[in-house]
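Take a look at the structure set out below.
Residue numbers (the numbering used here): 6 to 627.
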């Protein structure tokens, strides 16, 4: 490496360049952070150590980026790691311009053994990413961005000029090379806050502050006894974005992962979560400093969302992408607009406390009534209680039979109302509050609740707890089944269901973080279990979530997409752990099963366990 003395004019130019670009950088960052600070609610600092660990995994190790798309993610990681290593070199580079050395010649030489390979890795990564963005170009990336082209060019020049600077160049050539390297760094610094590459700064912040639980919708506490002015103030407050939501908008990397996994989009619907939920808000926020969400966001697209949280699950920069909760509650509570297909649903919930407007339940009549001396409340939910899919009624009875064999006492509530999930997800927070208060009273003496509906499990536990402390434990029936098998409280034999696969319900796998228990139960019954293409927390939504079971039209629904995956897998039996998934599987598989092929069986986890259940005394299958 050559070393030259820079002239006073060169140092002056360098100083002006650094101060100008750094000042511009700080101004643009502060301009956005100032908008963030205007948002509602404070930024969370709880679980500080866990938040730091998450930043380390997701930022420095690129955990989610690599897991979601391995090769593009790994190439991106190479570029990122190269820049981390390059940081000290950059500081030393500018110090030389002012006649200082941060690293001695020996230290510089030793460090170059690290930096040179990483510079080559960066060039490889940039080349790969450039090919993907500008040549192969997946649809989810959207329109070609000239800025991305400039960034790729800048990074390439940076690496090349660095490598050249480590060779035996003549003093004149070395000086020219040094200035090219410097100007590119300054140009890059100027460009970052004005492009999607702002995520380089904001993504670590957003990942640090993002919620630990999904969904992370703010509870809407409606004081029915409050004044009209208080109600108006509360409703107006609902139109404003939180600090976390504003950070989401400015942190977006525009990678399109959310589009790739969105069930509504994959089903042919309108919804484009990247644009409709994030980018459509960016420029209005910059122009106005704050926005009324309904004025800027696509309301029609918001009603297509299944609230499956797949978009949030895959986002590499920590965005809570899904905004349908905000859109729907504003439409219902503030604007008073309820889509026609949901008007009867809301009326039924308000008048009878259930989705079907019923006052009778033959299934509940056949099951024991809960008393405080029994271990579990067996929560039926509207789907099972009112037989929205009559075949699923048998699944509930099978689960009850398993509890009987295990010697576990249980009973159903005499006055169970809907958990409120449809109202909660469709924006009617007033009805949701009424249902929640009723159910909390009914469960006041309960210590354990078990349900076959993951939507009910989520609401009875995590969602209710956002409003007031829940004093009972909520368990999904697959968790109970898995535990009973592991503890040897029930015996299960291998059955003959052919090739068996499992469809993970969104609410169970992502919201309740349960993927192992169902598989424990299923694999105890078969030696021919295999995974679907999209499984675990990366499951594909059946299309019924977000209250869309009650939407009769099929545009933007993914039950046919998922059913096609099951058919193509050549499964003989598909098992699931959700009543809604059960119903959607039945609807989707029948029209897609090829003529002449045996009908693919749809079963709940309770069904396949019950079919292969044996008694401890006779060792005979029940």
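For each residue, glycine too, the CB sits at the ideal point set by N, CA and C.
Subject >> Beta bridge counterpart(s) of residue 618 as assigned by DSSP >> reply: Within the DSSP bridge table, the entry for residue 618 names 497 as partners.
**OP:** Determine the burial state of residue 100: buried for a count of at least 16 other Cβ atoms within 10 Å of its Cβ, exposed for fewer.
**Re:** Residue 100 sits exposed, since fewer than 16 C-beta atoms from the chains shown fall within 10 Å of its C-beta.
Subject >> Contacts around residue 321, its chain only, beta-carbon distance under 6 Å, and the 5 residues preceding and following it disregarded >> reply: Contacts found: 69, 70.
Original post:
Contact between the segment 568-582 and the segment 503-514: three or more CB pairs below 8 Å?
Top reply: In short, these stretches touch, since the Cβ pair count reaches three.
Subject >> Helix, strand or coil at residue 169 according to DSSP, with G and I counted as helix >> reply: Reduced to three states, the DSSP call for residue 169 is helix.
Subject >> Cβ-based burial, residue 308 [other Cβ within 10 Å; buried from 16] >> reply: Residue 308 should be labelled buried.
Subject >> Outcome for residue 12 when other beta-carbon atoms lying within 10 angstroms are tallied against a minimum of 16 >> reply: Under this definition residue 12 is an exposed residue.
Original post:
In the DSSP assignment, what are the bridge partners of residue 374?
Top reply: In the DSSP output, where bridge partners are listed per residue, residue 374 has 417.
Subject >> Continuous alpha helix (DSSP H) stretch holding residue 111: start and end >> reply: Per DSSP, residue 111 belongs to the alpha helix (DSSP H) from 110-136.
**OP:** Over the uninterrupted alpha helix (DSSP H) stretch that includes residue 572, give me the two end residues.
**Re:** Element bounds for residue 572: 564-573.
**OP:** Please confirm if residue 439 has its CB atom under 8 Å from at least one CB of chain D.
**Re:** No chain D appears in this structure, which consists of one protein chain only.
Original post:
If you draw a straight line from the alpha carbon of residue 512 to that of residue 166, how long is it in whole angstroms?
Top reply: Taking the straight line joining both Cα atoms gives about 51 Å.
Original post:
Unbroken alpha helix (DSSP H) runs of length 4 or more, entirely within the segment 35-123: which are they?
Top reply: Counting whole runs of 4 or more residues, the segment 35-123 contains the alpha helix (DSSP H) stretches 53-60, 68-73, 75-102.
Original post:
Touching or not, the segment 131-142 and the segment 154-168, by the rule of three or more beta carbon pairs under 8 Å?
Top reply: Three or more beta-carbon pairs drawn from the segment 131-142 and the segment 154-168 are found closer than 8 Å, and the two stretches are therefore classed as touching.
Subject >> Three-way DSSP call (helix, strand, coil) for residue 555 in this model >> reply: The DSSP-derived three-state label of residue 555 is helix.
**OP:** Check whether the segment 490-501 touches the segment 426-439, counting contact only when three or more Cβ pairs, one atom from each stretch, lie closer than 8 Å.
**Re:** Taking 8 Å as the limit for Cβ pairs, the verdict is that the segment 426-439 does not touch the segment 490-501.
Subject >> DSSP beta-bridge partners of residue 578 >> reply: Its beta-bridge partners are 505, 606.
Original post:
Would the segment 165-183 and the segment 191-211 be scored as touching if the rule is three or more Cβ pairs under 8 Å?
Top reply: Too few Cβ pairs lie closer than 8 Å, so no.
Original post:
Using CA coordinates, which residue listed in 288, 213, 252, 315 is at the minimum distance from residue 262?
Top reply: Among 288, 213, 252, 315, the Cα nearest to that of residue 262 belongs to 315.
Subject >> As assigned by DSSP and simplified to three states, the class of residue 535 >> reply: DSSP places residue 535 in coil when its eight states are reduced to three.
**OP:** Starting from the C-beta of residue 548, find all residues in its chain whose C-beta is less than 7 Å away, skip the five residues before and the five after it, and write them out in chain order.
**Re:** Sequence-distant Cβ neighbours of residue 548 in its own chain, meaning closer than 7 Å and more than five residues away, are 268, 272, 311, 562, 563, 564, 589.
**OP:** Output the boundary residues of the beta strand (DSSP E) element that contains residue 631.
**Re:** A query on residue 631 cannot be resolved here, the shown segment of the chain reaching from 6 to 627 and no further.
Original post:
Measuring CB to CB, does residue 453 end up less than 8 Å from residue 469?
Top reply: No; because the gap between Cβ atoms is not below 8 Å, this pair is not in contact.
Subject >> Residue nearest to residue 46 in terms of C-alpha spacing, selected from 21, 130, 248, 211 >> reply: For residue 46, the closest alpha carbon among the candidates 21, 130, 248, 211 is that of 248.
Original post:
Is residue 629 helix, strand or coil by DSSP?
Top reply: What is shown of the chain runs 6 to 627, which leaves residue 629 out entirely.
**OP:** Pull up the distance between the alpha-carbon of residue 123 and that of residue 87, whole angstroms please.
**Re:** Each residue's alpha carbon lies about 5 Å from the other.
Original post:
So does the segment 398-408 actually touch the segment 334-343, counting three or more Cβ pairs closer than 8 Å?
Top reply: Output reads no: the segment 334-343 does not touch the segment 398-408.
Subject >> Span of the beta strand (DSSP E) around residue 391 >> reply: Here residue 391 belongs to no beta strand (DSSP E), and DSSP marks it neither H nor E.
**OP:** Under 8 Å Cβ to Cβ from residue 624, same chain only, skipping five residues before and after it: list those, please.
**Re:** For residue 624, the predicted structure reports a pLDDT of 46, less than 50, and the residue's modelled location is therefore unreliable. The matter cannot be settled from this model.
Original post:
Which term fits residue 375, buried or exposed, when burial requires 16 or more other beta carbons within 10 angstroms of its beta carbon?
Top reply: Around the C-beta of residue 375, 16 or more other C-beta atoms lie within 10 Å, and the residue is accordingly described as buried.
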